[in-house]
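Trainee:
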Amino acid sequence: MTAAVARLARWEILLGLVLLALLGVGQAMSAVFLTPRNVANLTAALIEVAIMALPLALIVIAGEIDLSVESMVGLACALLGFLWAAGVPLEAGIPIVLVVGALGGLLNGVLVTGFGLPSLVVTIGTLALFRGLALVVLGPQGVSGFPDAFTTFGFGTVPGTPIPWPALVFLPLAVILGVVLHATWIGRQIYAVGKNASAARFSGVRVLRLKLALFVLSGTIAALAGVILTARFASARADVGQGMTLTVVTVVLLGGVNIFGGRGTIPGVVLAALTLAVLGNVLRLGNVSAEIQSIAIGALLVVSVVIPNLAHQVQALYRRVRGGRHLPAGAVGTG
Amino acid sequence: MAEPAVLERPTGWAGRVITLAARQRELTLAGLIVVLAALVALQAPQLLSSSNLAQVTAQASIIGIAAVGQTLVILTRNVDLSVESTIGLVAFVVAEVLAQRMLEPAAAIAFGVGLGLVLGVANGVLVALLNVPSIVATLGTLSIYRGIDFLLAGGKQVTLTDLPPGYTDAARATVVGIPLFFLVAVAIIAAFAVILRQTTFGRQLYAVGSNPEAAAILGIRSRLIVFVAFALCGMLAGVAGVLWGIEFGTINATAATGVVLQVVAACVVGGVNIFGGSGTVVGAGLGALFLGFISNALILLRLSQFWLQAIYGIVILVAVSIDALVTRRLARSTTVRRSFVGAAAAGRARR
Amino acid sequence: GSGGGSSPAASAPASEAPAGSAPASEVPAAGGPNVVFIPKAVNNPYFDAAAEGARKAADELGGQFTQIGSNNAVAAEQIPFIQDATTQGYDAIVVSATGADEVAPALKAAMDAGIKVVGYDSSPASGAYHVFVNQTDFSLIGGAMAQWACDLAPDCTGEIAILSATATATNQNAWIADMEDALKDPKFANLTLVETVYGDDDPQKSTTQAQGLLQKYPNLKVIVAPTTVGILAAAQVVKQAGVSDAVKVTGLGLPNDMKEFVKDGTTPKFGLWSVPDLGYLAYHVAAKLVAGEITGAEGETFTVPGLNDDQPYTIGPDSVVILGPPFEFTPENIDQFNF
Amino acid sequence: MTDVLAGPALAGSAAAPRLALRGVSKRFGATQALDDVSLELRAGEVHALVGENGAGKSTLVKILAGVYQPDSGTVHLDGRSVEITSPGLARNLGIAVVHQEPRLFPDLTVAENVFLGHTPTGRLGSVDWGAMRRATVDRLRELDVRLDPGAQVRGLSMADQQLIEIVKALTLDARVLILDEPTASLSVHEVDRLFAIVRRLRDRGVAVLFVSHRLDEVFDLCDRATVFRDGRLVATEATAELTTADLIRHMVGRAVELFPRGEHPVGDVVLEVEDLSRAGVFDGITFSVRAGEIVGLAGLVGAGRTEVARVLFGIDRPDRGVIRIGGAPVEFGSPAAAMRGGIAYVPEDRHQDGLVLDFPIAANVSLPILSRLFRGWFLRPATERALADEYARELQVRMRGVDQLVAALSGGNQQKVVLAKWLATKPRVLILDEPTRGIDIGAKVEVHRIVSELAASGLAIILISSDLPEVLAMSDRILVLHEGRLTAEIARAEATEERVMYAATGQDRGGALPLAGSAHG
Ligand SMILES: Nc1ncnc2c1ncn2[C@@H]1O[C@H](COP(=O)(O)OP(=O)(O)OP(=O)(O)O)[C@@H](O)[C@H]1O
Ligand SMILES: Nc1ncnc2c1ncn2[C@@H]1O[C@H](COP(=O)(O)OP(=O)(O)OP(=O)(O)O)[C@@H](O)[C@H]1O
Ligand SMILES: [Mg+2]
Ligand SMILES: [Mg+2]
């Protein structure tokens, strides 16, 4: 266990070092880098992605995937706009949107757990479906004119600090999900399901129910991210969120979550989100062209898997040379 | 062929129908396409006009060819999400090479297919050699290839006027009345259908996806097979990219964005099992045609385009659900318990 | 969708400011201002043409010009660029809004930070800029398009259809609304607008939509595409289908894109404003705001040498300045333009 | 012996055995699966390989099949030293193997499974489906098996799959044929046909290695027998000079009294099952288990014992019937519900269903009782460790500590962790499914001791085992399942291997239920 924890910690430490290096580069490159305003900007730029990455991390650790989140963001946004335009106050509209998010997650969950369908295909299907519904609900037009308090929440910072308001959603959520995953028995069950769903089931873990709950959580939080985006954009459109899934998945995988389940931590995901946010900011401040950014993110994703793989192979080789005992590839603690 | 001693197990009437429907996935889908076309044609007779058919088949052919490649990869329990970037990059590079008059059309086409192959090989290296899970690797190359595309294209776009005269006429060319693209797609599908069914490579592809451990015990070189599948997928995406350029004439760095959804949907609707090991390229091709007809029908019926995405999603979900149900029924209906009448020990006296 | 279409269009301009060009902070400020242009998307010929004009203005004024932005015309990606430009302390930000409301808070924050904000091509929400440089009077475009359709339809009679950018594009929607108004004029009574379809400023989708129009409306006479991507796609489709004689295409396009179609009769006439001039004017407006020569108040006037026949521009309601009337491109004049 | 050769072609050099192993060893982590084994296999003989579960038989087979590489030692084929580095190479060397667990391709047809790896090709190297189908039909006919060569393997029964594996090996025209427990799920008729073919191959000079637990088969078919115990070869003798008792003595290493089981009182009925049925799997199962009682559940592989256990544990739903615990009827919709009802189930596949190999011992032990152990939601590592430590010590798990990953433990110790995990739930009924399969003899005795003690402490235990001596020695009562029906209930005093076997094969007249749905009569 201690060895496993040490190995696990290594990834987060590596990420931390990369982050520090990036901070160094940013500081050296631009005098404005560590100003409160810039800190606020770089946080705000990726906050919805970071929020969505949290439940996705749990889903991936449990051995599934949800690619539909970006469309749920769009659907939430469109629905909120639609309701607002129809005269529904936000106090009622936002809960309705969140419920719809939960229902969307439920649909994913039921198809995956109840019908036993692969989540990859199901959520590719709902990726199209939710986006389509968003377009159907709101049509071509954009809706704006949301109350100031709402848009300030989306765009402003907590007075006197460089902390964007949405970060106040992200931080508690990260802490709660982190605690749930790492310090409660629910989290233990999530890991067990990801490492060996069958053994978990035979041990009385309600595997299907757990996965269902995670999908509902993911849908709800994606809807929440949609609400936040609506506030930040001060307007609602059906095409909001397009292409976000790639970034969300990148954050999760870069955070050290194993795509096959059973491994990963919330601190890792938070660090990965920060790293990507800082990287984007540094590249923008350096006026590095957009295409290089897209290549850099893709490369980062691939490299984040290749390096541990190679390291593992080297390690295995070393062990074989030393004649030590072989641990299975995924040997990692439960956090 | 008479085989009196070897009979199919009795599975009951319902079981037989389901078995047949599942086995004849391609026929079922083809039937559905015909029914759909007939129903739509009642409302919008233009559906069956030769120019409309040419247009639908041309675009379905492009998706279908990419879906053939995707099928190869999915059969091995992998997925290639980068096809759309490969299509886009190849489409642009070929168009640019032609616009600059650097190569003759034939050479440029070969170059484009070769470029697709190279991009597929890169995916293959990541997955088969470096053990990167395919979904991660190709999600990465999805943005890397697109980034390269932007890097090369910048703000440029190649238009019809830049291309050699007559080059894009191929999009509407016909051979004995049949659109050229359609023939190309049919030829490719037929070739790969034969490869998958009649070559040891093809059978090993199924084996690797169906049961990797058993494949290993048989001594099948799974990594090589997976590698080749990715390489071929890239190559076919290259072909699709070339056709894309011919079909649309105007190519910029964003060409084919979002197309992977259609390609994977074509496979899924065509009955290719996302868990590997089963499915046919004919199915994938028909899946592409089916989806092509649906979006065409929506346009011709003057239904809101906004429904298109939603209907896409529903078609995918319905297709996989039906698949799962049929597979389950199939498994149940054929798991007739054997009669274990006695075992070796029975009746034999022990010493 | 933008004034000229937000997707990349044809020719590579002679010189463009790549997004990766030297950061503004590196070069010491000379006489002129330090201005950053943030188009909806970089790598787009329309905005590159505008950048060309802007760079020319910067050179003349001794100021600096930088263009940054995302590959995708998406608000979520444009906003961080605006914010980062704000922290970097440019003198002025010139922006084509991906969404009027979406970018407004970021632009207001920039204004609060003392930065001059100029809109061009696509307007941010009013109040989120000091001056918006409009390419042309919207009502002129609507009327012009109606007139072109009338000119191209035999006897000004028959079915016409519109191929637009995205369904949410502010500019296109405004022009289309104006055009629909214009069509109510009795002189257009025989023209029937059968449908408006959206190609999302994507060459492929626009192609498919144009093909769909030909299938759906066998008697179609004119396709009006108020977007550079759409008009090109429509012209290609019509030409490939071999119906250039029966169906004409018009709308707004880049002259370089359309030369061939103008000459072969598919698109005998269409229009656009001078895109380089748009960038040129926007840079000048930014410089004047920075220098304090104007504030953006309604009624202020200023002149820009070489534009508007050297007559003064007047800032109109909502702090809008109008570049001028659109050009009409015809087989006779098309060769004079290169953008 | 080599001159028994009747067929012409296959004679090797007269002196050298067809296949010889010299000093072969193989280690898996803590388990020494093979320890300095030297064995000769002659052309034209059927050579039996017997030994307890986990003795190393399959490991040897897999080395010859090119699946594993030996850590040390050499393999000689017809006198020449060979390194069988891959399954393909083994096949090229003429070694055909029927593995213990069928490893087929569910998506492919029967014929293709038979021929994959040596697919017949026609001109241009294209797969010759017709030839494949015809050859498969011929081979199936030889075995008198009714199976459609064009059918998909998915959904076929274990026995059919086993037959396909056999047919597959028979198509190879091998010089060496290795059969690893091929008869475990076959019918008498199929076994007879198989043996006839094996004899014919033997007479043609093929060397056959035959692994089996059924000693009568060994005497029936084999010329010589080799006995393994704990990875070591303990004897090789001609079967003519052996008796069953000799073999067992060799296998077990001592004469008797392997399973100490003291007398103890039996309490009230804890679990009652009445007319429990699940379509196509088992039918009309009725029995009861008392506190402190061990009820053995015997039957051939595939008789439906595991299926009964799965229903009792809430994994599958019954179609009919009643389950009562302490007199009250219960219905379990999930394992969680069954656990609340006081049932614990040690599954037969330890790695797949029993353990999260990648978890530490402590996390495995606490997994079923997480919500009970940590009522305030939060994990308390100290509590968890203390609990795991208590049970691990009680069961004498050999470990570095409860933080050790389960993957790093030996099979026997892993099984003890499974037991620990279920004992921690404080069950009233414990179902053990093949609890000693694949663990070494020492661990096996310990497991038996533990089970006896648990019964003595008042637990009601159902013991499912294919190890007949184990069932006989451990059980107070034995229920025998045949084709999903109970065919006998035998008290401890009356239980003999013969009676159980007769009932397991559906031939017990006394108290046997009528057999239904039997195609082979
Ligand atoms: N891949 C493996 N990894 C770790 N241990 C293994 C592996 N394969 C076998 N073993 C162990 O090696 C020992 C010998 O196993 P083997 O399968 O050869 O026994 P066997 O004689 O065939 O038993 P059975 O009669 O149950 O088939 C067992 O303790 C088993 O747990
Ligand atoms: N996953 C499966 N797929 C198909 N058939 C199965 C599957 N699992 C079990 N069976 C079949 O169900 C029947 C009953 O199996 P079960 O495991 O209950 O038998 P058992 O008496 O417990 O035998 P064993 O000694 O192998 O445990 C067998 O015919 C088996 O082949
Ligand atoms: Mg074995
Ligand atoms: Mg069993």
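Chains as they are written, first to last, in the numbering used here: chain A, 1 to 335; chain B, 1001 to 1351; chain C, 2001 to 2339; chain D, 3001 to 3521. For every residue, glycine included, the Cβ atom is placed at its ideal position computed from N, Cα and C.
1. Just to confirm before moving on: does the CB-CB distance between Gly261 of chain A and Ile124 of chain A stay below 8 Å?
2. Tell me the residue span of the beta strand (DSSP E) that contains Ala2161 of chain C.
3. Return the CA-CA distance between Arg3103 of chain D and Ile3164 of chain D, expressed in angstroms with no decimal places.
4. Please check if any C-beta of chain B sits within less than 8 Å of the C-beta of Val122 of chain A.
5. Along the chain, where does the beta strand (DSSP E) containing Gln1024 of chain B start, and where does it finish?
6. Does the pairing of the segment 131 to 142 of chain A with the segment 1320 to 1328 of chain B give three or more beta-carbon distances under 8 Å?
7. Who are Arg3320 of chain D's beta bridge partners in DSSP?
8. Since Gly243 of chain A meets chain C, which of its residues come closer than 9 Å, beta carbon to beta carbon?
9. Along chain D, which residues have their Cβ under 8 Å away from the Cβ of Thr1200 of chain B?
10. Relative to the C-alpha of Thr946 of chain B, which candidate in B:Leu1300, B:Phe1290 and B:Leu1301 has its C-alpha closest?
11. With 16 as the cutoff for other CB atoms within 10 Å, does Val2042 of chain C come out buried or exposed?
12. Between the C-alpha atoms of Val3208 of chain D and Glu3142 of chain D, what's the straight-line distance to the nearest angstrom?
13. For the alpha helix (DSSP H) containing Thr1200 of chain B, name the first residue and the last one.
14. Tell me, please, whether the CB atom of Leu3104 of chain D is closer than 8 Å to any CB atom in chain B?
15. With DSSP collapsed to three states, give me the class of Tyr1145 of chain B.
16. Tell me the DSSP secondary structure of Tyr3502 of chain D in three-state form.
17. For Lys3444 of chain D, verify whether its CB is less than 7 Å away from any heavy atom of ligand 1.
18. Is any heavy atom of ligand 1 found at a distance shorter than 7 Å from the C-beta of Gln3069 of chain D?
19. Look at the alpha carbon of Ala3493 of chain D and the alpha carbon of Leu3297 of chain D, and state the distance between them as a whole number of angstroms.
20. Please list, in chain order, all residues of the same chain as Ala2146 of chain C whose beta carbon is under 7 Å from its beta carbon, the five residues on each side excluded.
21. How many angstroms separate the CA atom of Gly26 of chain A from the CA atom of Ser1051 of chain B?
22. For a contact defined as C-beta to C-beta under 9 Å, what are the partners of Thr1168 of chain B on chain C?
23. Leu1160 of chain B touches chain C at which residues, Cβ-Cβ below 7 Å?
24. May I ask you to check if the CB of Ser3058 of chain D is nearer than 7 Å to at least one heavy atom of ligand 1?
25. 8 Å is my cut-off, CB to CB: does Ala2282 of chain C come that close to chain B?
26. Select from A:Pro267, A:Ala296 and A:Gly268 the residue whose C-alpha is nearest the C-alpha of Asn281 of chain A.
27. Using alpha carbons as the reference points, say which of D:Leu3116, D:Asp3230 and D:Ile3178 lies closest to Gly3094 of chain D.
28. Going along chain D, which residues have a C-beta under 7 Å from Thr184 of chain A?
29. Spell out a yes or no on whether the segment 2111 to 2120 of chain C and the segment 2190 to 2197 of chain C are touching, meaning 3 or more CB-CB pairs, one atom from each, closer than 8 Å.
30. Hey, how far is the Cα of Val2320 of chain C from the Cα of Asp2137 of chain C?
31. Would Val3429 of chain D and Val3270 of chain D be called neighbours here (beta carbons separated by less than 8 Å)?
32. Could you check whether the Cβ of Arg3018 of chain D sits closer than 8 Å to any Cβ belonging to chain A?
33. Please decide whether Ser1304 of chain B counts as near chain C, where near means a Cβ-Cβ distance under 8 Å.
34. Identify the contact partners of Glu3112 of chain D in chain B, using a Cβ-Cβ distance below 9 Å as the criterion.
35. In this structure, how does DSSP classify Gly2324 of chain C when only helix, strand and coil are distinguished?
36. Which stretch, first to last residue, makes up the alpha helix (DSSP H) that contains Leu1243 of chain B?
Mentor: By the coordinates alone:
1. Within the first sequence, numbered from 1, the residue matching residue 261 of chain A stands at position 261. Within the first sequence, numbered from 1, the residue matching residue 124 of chain A stands at position 124. Cβ atoms of Gly261 of chain A and Ile124 of chain A: not closer than 8 Å.
2. Start at 1 with the first residue of the third sequence, and residue 2161 of chain C comes out as number 161. That run of the beta strand (DSSP E) goes Gly2158 to Ser2164.
3. Locating residue 3103 of chain D in the fourth sequence gives position 103, where the first residue counts as 1. Locating residue 3164 of chain D in the fourth sequence gives position 164, where the first residue counts as 1. Going by the C-alpha atoms only, they are around 10 Å apart.
4. Walking along the first sequence from the start, residue 122 of chain A turns up at place 122. By this cut-off, Val122 of chain A is an interface position.
5. Here residue 1024 of chain B is taken as the residue at index 24 of the second sequence, counted from 1. Where Gln1024 of chain B is concerned, there is no enclosing beta strand (DSSP E), given that its DSSP letter is neither H nor E.
6. no
7. Sequence index remark: in the fourth sequence, residue 3320 of chain D carries index 320 (1-based). BP columns for Arg3320 of chain D point to D:Ser3277.
8. Counting from one through the first sequence, the residue named residue 243 of chain A turns up at place 243. Simply Asn2072, Val2074, Ala2076 and Glu2077.
9. Residue numbering aside, residue 1200 of chain B sits at position 200 when the second sequence is read from its first letter. Within 8 Å Cβ-Cβ: Thr3119, Thr3121, Gly3125 and Val3127.
10. Because chain B is modelled from 1001 through 1351, residue 946 of chain B falls outside the range shown and cannot be assessed.
11. Counting from one through the third sequence, the residue named residue 2042 of chain C turns up at place 42. Val2042 of chain C comes out buried.
12. As a working mapping, residue 3208 of chain D is identified with position 208 in the fourth sequence. As a working mapping, residue 3142 of chain D is identified with position 142 in the fourth sequence. Roughly 18 Å between the two C-alpha positions.
13. Within the second sequence, the letter at position 200 stands for residue 1200 of chain B. Here the alpha helix (DSSP H) through Thr1200 of chain B covers Thr1200 to Ser1210.
14. The residue labelled residue 3104 of chain D in the question sits at position 104 within the fourth sequence. It does: the Cβ of Leu3104 of chain D has a partner Cβ on chain B nearer than 8 Å.
15. Counting from one through the second sequence, the residue named residue 1145 of chain B turns up at place 145. Of the three classes helix, strand and coil, the one that applies to Tyr1145 of chain B here is helix, per DSSP.
16. Reading the fourth sequence from its first residue, position 502 is the one you call residue 3502 of chain D. Of the three classes helix, strand and coil, the one that applies to Tyr3502 of chain D here is helix, per DSSP.
17. Taking the fourth sequence and counting its residues from 1, one reaches residue 3444 of chain D at position 444. Because no heavy atom of ligand 1 lies under 7 Å away, the Cβ of Lys3444 of chain D does not count as near it: no.
18. For the purposes of this step, residue 3069 of chain D is taken as the residue at position 69 of the fourth sequence. No, since every heavy atom of ligand 1 falls outside the 7 Å radius drawn around the Cβ of Gln3069 of chain D.
19. Against the fourth sequence, residue 3493 of chain D aligns to sequence position 493. Against the fourth sequence, residue 3297 of chain D aligns to sequence position 297. Going by the C-alpha atoms only, they are around 16 Å apart.
20. On the third sequence, residue 2146 of chain C is found 146 positions in, with the first residue counted as 1. These residues qualify, in order along the chain: Met2179, Ala2182, Leu2183 and Phe2188.
21. To locate residue 26 of chain A, count along the first sequence from 1; it is residue 26. To locate residue 1051 of chain B, count along the second sequence from 1; it is residue 51. C-alpha separation (whole angstroms): 57 Å.
22. Sequence index remark: in the second sequence, residue 1168 of chain B carries index 168 (1-based). Those are Gln2236 and Gln2240, listed as they occur along chain C.
23. Taking the first residue of the second sequence as 1, we reach residue 1160 of chain B at position 160. The contacting residues are Gln2236.
24. Here residue 3058 of chain D refers to the residue found at position 58 when the fourth sequence is read from its first residue. Within the cutoff, so yes.
25. Taking the third sequence and counting its residues from 1, the one referred to as residue 2282 of chain C is at position 282. No - not a single Cβ of chain B is within 8 Å of the one on Ala2282 of chain C.
26. For the purposes of this step, residue 281 of chain A is identified with residue 281 of the first sequence, where counting begins at 1. Here the closest residue by C-alpha is A:Ala296.
27. What you label residue 3094 of chain D is simply residue 94 of the fourth sequence in a count that begins at 1. Minimum Cα distance to Gly3094 of chain D is reached at D:Ile3178.
28. For the purposes of this step, residue 184 of chain A is taken as the residue at position 184 of the first sequence. Trp3377, Phe3378 and Leu3379, listed in chain order.
29. no
30. Against the third sequence, residue 2320 of chain C aligns to sequence position 320. Against the third sequence, residue 2137 of chain C aligns to sequence position 137. Taking the straight line joining both Cα atoms gives about 10 Å.
31. To locate residue 3429 of chain D, count along the fourth sequence from 1; it is residue 429. To locate residue 3270 of chain D, count along the fourth sequence from 1; it is residue 270. Their beta carbons are under 8 Å apart, which means Val3429 of chain D touches Val3270 of chain D by this criterion.
32. Against the fourth sequence, residue 3018 of chain D aligns to sequence position 18. So, not an interface residue.
33. Within the second sequence, residue 1304 of chain B is the residue found at index 304, counting from 1. Closer than 8 Å: no.
34. Position 112 of the fourth sequence, counted from the first residue, corresponds to residue 3112 of chain D. The contacting residues are Arg1203, Tyr1206 and Ala1207.
35. On the third sequence, residue 2324 of chain C is found 324 positions in, with the first residue counted as 1. If DSSP states are grouped into helix, strand and coil, Gly2324 of chain C belongs with coil.
36. Taking the second sequence and counting its residues from 1, one reaches residue 1243 of chain B at position 243. It spans Ser1222 to Phe1248 - the alpha helix (DSSP H) in which Leu1243 of chain B sits, taken as one unbroken run.
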